[in-house]
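Written out below as structure tokens is the structure these notes cover.
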Ligand SMILES: Cc1cc2nc3c(=O)[nH]c(=O)nc-3n(C[C@H](O)[C@H](O)[C@H](O)COP(=O)(O)O)c2cc1C
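Residue numbers (our numbering): 519 to 711.
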């Protein structure tokens, strides 16, 4: 089991709503492994009511896991780097939308601001991807980020090759291990599942 004692972990959630419950379980697993959690939510994650539930159903348990409240705006995310609030930052789930922003240096929301601010200190960013266009429009952004310093990926694969041939989803159960490995500069292997 991963040991995350001493790790102040930014845990950012984007709008892949079918994975919100699994992401919460991954956050709980990181806390059980010893991490001190700083949850961060995208504007869409915090506001969209979807068939997978109301935002409060996810925001309240996240806030309860937090050591210092919930970050939900660009202004609240900005001090992460300057005030040295995080040792590692995981984006779980990471949408195709966020992949495009990170690959292209776009910082127009809470989660890209959190990543940018955290990266100022050259610390690891771990992406737990879930996107239907992983092998289509998002493929080049994934390729770009795989080749960037400080970025690590939770092992991922195709979740339904017959019905969703371009869809990629990470193995959420491996989030704590991927974070622990990234803290030592190692990309957990095998990357492809
Ligand atoms: C019910 C629902 C499920 C969605 N699931 C996904 C998903 O699994 N992956 C993804 O990349 N986008 C998904 N989206 C689209 C994103 O929510 C949308 O691109 C949004 O702009 C993402 O914003 P964010 O990255 O700032 O959270 C979904 C949208 C809805 C309404």
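Ideal Cβ positions, reconstructed from N, Cα and C, are used throughout, including at glycine.
Thinking residue i and residue j are a contact (beta carbons under 8 Å), I'd like their distance in whole angstroms, please.
{"i": "residue 714", "j": "residue 689", "result": "Coverage of the chain is limited to positions 519 through 711, which leaves residue 714 absent and any answer about it impossible."}
{"i": "residue 686", "j": "residue 649", "result": "6 Å"}
{"i": "residue 536", "j": "residue 570", "result": "6 Å"}
{"i": "residue 534", "j": "residue 556", "result": "At roughly 20 Å, the Cβ-Cβ gap does not stay under 8 Å, so residue 534 and residue 556 are not in contact."}
{"i": "residue 673", "j": "residue 708", "result": "6 Å"}
How big is the Cα-Cα spacing for residue i and residue j?
{"i": "residue 548", "j": "residue 521", "result": "9 Å"}
{"i": "residue 559", "j": "residue 540", "result": "15 Å"}
{"i": "residue 614", "j": "residue 671", "result": "14 Å"}
{"i": "residue 691", "j": "residue 546", "result": "11 Å"}
{"i": "residue 620", "j": "residue 652", "result": "15 Å"}
{"i": "residue 572", "j": "residue 583", "result": "18 Å"}
{"i": "residue 538", "j": "residue 590", "result": "16 Å"}
{"i": "residue 568", "j": "residue 532", "result": "13 Å"}
{"i": "residue 646", "j": "residue 609", "result": "6 Å"}
{"i": "residue 601", "j": "residue 681", "result": "46 Å"}
{"i": "residue 696", "j": "residue 675", "result": "15 Å"}
Going by C-alpha to C-alpha distance, which of the options sits closest to residue i?
{"i": "residue 523", "options": "545, 679, 616, 553", "result": "553"}
{"i": "residue 597", "options": "616, 564, 631, 612", "result": "631"}
{"i": "residue 655", "options": "684, 628, 633, 666", "result": "684"}
{"i": "residue 698", "options": "606, 639, 578, 528", "result": "606"}
{"i": "residue 703", "options": "680, 673, 668, 676", "result": "668"}
{"i": "residue 644", "options": "564, 675, 625, 664", "result": "664"}
{"i": "residue 526", "options": "706, 666, 641", "result": "641"}
{"i": "residue 611", "options": "592, 581, 530, 701", "result": "530"}
{"i": "residue 476", "options": "604, 544, 603, 593", "result": "A query on residue 476 cannot be resolved here, the shown segment of the chain reaching from 519 to 711 and no further."}
{"i": "residue 666", "options": "576, 622, 604", "result": "622"}
Following the continuous alpha helix (DSSP H) through residue i, name the residue where it begins and the one where it ends.
{"i": "residue 614", "result": "614 to 622"}
{"i": "residue 520", "result": "Counting along the chain, residue 520 falls outside any alpha helix (DSSP H), and DSSP gives it neither H nor E."}
Beta strand (DSSP E) runs contained entirely in the region 548 to 578, provided each spans 3 or more residues: 554 to 559
- prompt: Whole beta strand (DSSP E) runs in the region 634 to 698 with 3 or more residues, listed along the chain?
  reply: 643 to 649, 669 to 671, 674 to 676, 686 to 688
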